[in-house]
Each structure stands twice: as structure tokens, then as C-alpha cells.
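Just below is one structure, and these are the notes that go with it.
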Amino acid sequence: MTCRELAQHIEQLQPEATTQDVARLCLLLANGEDDLTALADRQTLRAAWKDVGLRLQLATDQHAAMTGELEELAQSDPQSFTKDQIWVLIRAIKVQSQILQMYVGQPLLDV
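Spelled out as C-alpha cells, the structure:
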């Protein structure tokens, strides 16, 4: 299946989607599936689409939570960071890595 064919299938499932949303879904679906020909089946595509949507929502929620913690952390003195504050930074790196991994389709960092 080509990207164009996948985009057409996505547009049929979600006609109100913007061009950017369709492109994003094509990328995420293509990176999440080993066999793109399986996505020609409407039910398989719908299941993969829901899975990608849930993973993206989870990563987005984690990112939003980490952003709040990082903003709070930015107000403190880095020379007096506690162990908990260091762990906030490590979790932020991991969350960012997970989001990047979804878009590039390969593991980047295992923290």
C-alpha cells in the first residue's frame, strides 16, 4: 500500500480530517505496522487507527503533565536540585523519546 492509498482510506474513515491530520496519521500508521497491505482492510485499519490514537493521546497527556513539572522545575536553582527533581528530568526525556519514537518509527533512547 502506498502513502496515497493509505491517505485515501484515512480520509474515508475521517472525512473532516485536515491535510496535516491525514499526513500525521499516515506517518504514525506506517511506522506502527510491519505490513501496510493489511491496512487495506477497513476493520484492520480502524483497529490500527484507534491504537495509534490511544498511544498518541497517552503520550500527549504524559507530555502535558511533564511540561507542568518542567515549568515548575525551571523556577528552581539547578545547583540545588534534589533527587526527585533529577527524576523529573529523566522522566521528561523518556516521554519526549516516546513521542519521537512514534514519529520516526524506531527506538531512540531507552532510559
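Residue numbers for the sequence shown, in the numbering used here: 107 to 217.
For every residue, glycine included, the Cβ atom is placed at its ideal position computed from N, Cα and C.
How many angstroms separate the CA atom of residue i from the CA atom of residue j?
i: Met107; j: Arg130; result: 17 Å
i: Phe187; j: Ala170; result: 22 Å
i: Gln120; j: Asp167; result: 23 Å
i: Cys109; j: Ala123; result: 16 Å
i: Cys132; j: Lys189; result: 40 Å
Using a threshold of 8 Å, state whether the C-beta atoms of residue i and residue j are closer than that.
i: Leu112; j: Leu135; result: yes
i: His115; j: Leu160; result: no
Since I believe residue j is in contact with residue i (beta carbons under 8 Å), could you give me their beta-carbon distance rounded to a whole number of angstroms?
i: Ala180; j: Gln204; result: Contact doesn't hold; Cβ gap of about 21 Å is too wide.
i: Glu139; j: Val128; result: At roughly 16 Å, the Cβ-Cβ gap does not stay under 8 Å, so Glu139 and Val128 are not in contact.
For the segment 170 to 188 against the segment 132 to 151, do three or more pairs of beta-carbon atoms, one drawn from each stretch, fall closer than 8 Å, so that the two count as touching?
Touching, no, given that fewer than three Cβ pairs across the two stretches are closer than 8 Å.
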